[in-house]
Amino acid sequence: MNDFKAQPPAGMEPTGASTEGASIYEQIRDDIISGRLKANERLIVADLAQRHQTSTNPIREALQLLRGEGFVIISPNRGARVRPIDRDFVRDIYEIGVLIEPALTRWFVGMATPQDIAQLEDVQAQIEANNFADPIRHSELDTRFHTIMYERHYNRHAAELWWKHREVLRALSRRFNFTLARRAQVLREHRLLIQHIKEGEADKAAELVAMHVEGSGRHILEHMRAGEAARAS
1 MNDFKAQPPA
11 GMEPTGASTE
21 GASIYEQIRD
31 DIISGRLKAN
41 ERLIVADLAQ
51 RHQTSTNPIR
61 EALQLLRGEG
71 FVIISPNRGA
81 RVRPIDRDFV
91 RDIYEIGVLI
101 EPALTRWFVG
111 MATPQDIAQL
121 EDVQAQIEAN
131 NFADPIRHSE
141 LDTRFHTIMY
151 ERHYNRHAAE
161 LWWKHREVLR
171 ALSRRFNFTL
181 ARRAQVLREH
191 RLLIQHIKEG
201 EADKAAELVA
211 MHVEGSGRHI
221 LEHMRAGEAA
231 RAS
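In this text, residue positions in the sequence shown follow full-length UniProt numbering: the first is 1, and each later residue adds one.
In structure tokens, the structure reads:
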């Protein structure tokens, strides 16, 4: 059995910062997504440097990366603060995925080899064997499934954007349990996607991926909406 931890494919790592700045970017981003850094919390450079045991330059680099991705808001004379990860933020991310992933998928169908298809089938078999029993393993396997299709795409900017948004939604989805209906839908759509790829049906595969991404986004939004309603009652 192939065990792995999802890693960004070559060329999808954070750019525009030093190695240390990129590492701190990932740590702060994870703190924001997980809720350890709260919505609208001030991000004071000196405090972050002390927390991460570094100088202020890598912190500033990390905050600029996070600002570019919408996680951090930087205002003149007010400094940086955490952008709330609300339903609008999630909607924006998955709607971008609905636009990007079909194009990446269509390209993959046109160049997929028997080895690529065998890889997809192997990962799908592991997904079904796990059957959502281990949510973290499912998340890693599901990410690997899609990475197989996108990791060699010539448009590295599109692939990098996909990866970054994927990581956000993946982290958020870990807060929620999959409904039985969503579980069945994920497995069914993966199997049908492999079939379309085998048959060279690029348009059908692209259409299915768009539906698959929208379904994932809506699933997260429904959980967020239910949580907000429970807190308000």
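C-beta: ideal position from N, C-alpha, C; glycine also.
Secondary structure of Arg81 (DSSP, three-state): strand.
Gly79 and Ile93 have their C-alpha atoms roughly 25 Å apart.
Under a 10 Å Cβ-count criterion, Gly35 is classified as exposed, with fewer than 16 other Cβ atoms of the shown protein chains found around its own Cβ. In the three-state reduction of the DSSP assignment, Leu65 falls in the helix class. Taking 4 residues as the shortest admissible run, the segment 77-134 contains the following complete alpha helix (DSSP H) segments, listed from N- to C-terminal end: 87-111 and 114-130. DSSP places Ser55 outside any alpha helix (DSSP H), giving it a letter other than H or E. With a beta-carbon spacing of about 7 Å, Trp162 and Leu104 fall inside the 8 Å limit used to define contacts. Looking at the backbone, the Cα of Glu95 and that of Asp86 are separated by about 14 Å. Counting along the chain, the unbroken alpha helix (DSSP H) around Ile194 starts and ends at Leu180 to Lys198. In the three-state scheme derived from DSSP, where H, G and I count as helix and E and B as strand, Ile44 is classed as coil. Only buried fits Pro102, as 16 or more other CB atoms lie within 10 angstroms of its CB. In the three-state DSSP reduction, Ser233 falls in the coil class, being neither helix nor strand. A straight line joining the alpha-carbon of Gly110 with that of Ile127 spans about 25 Å.
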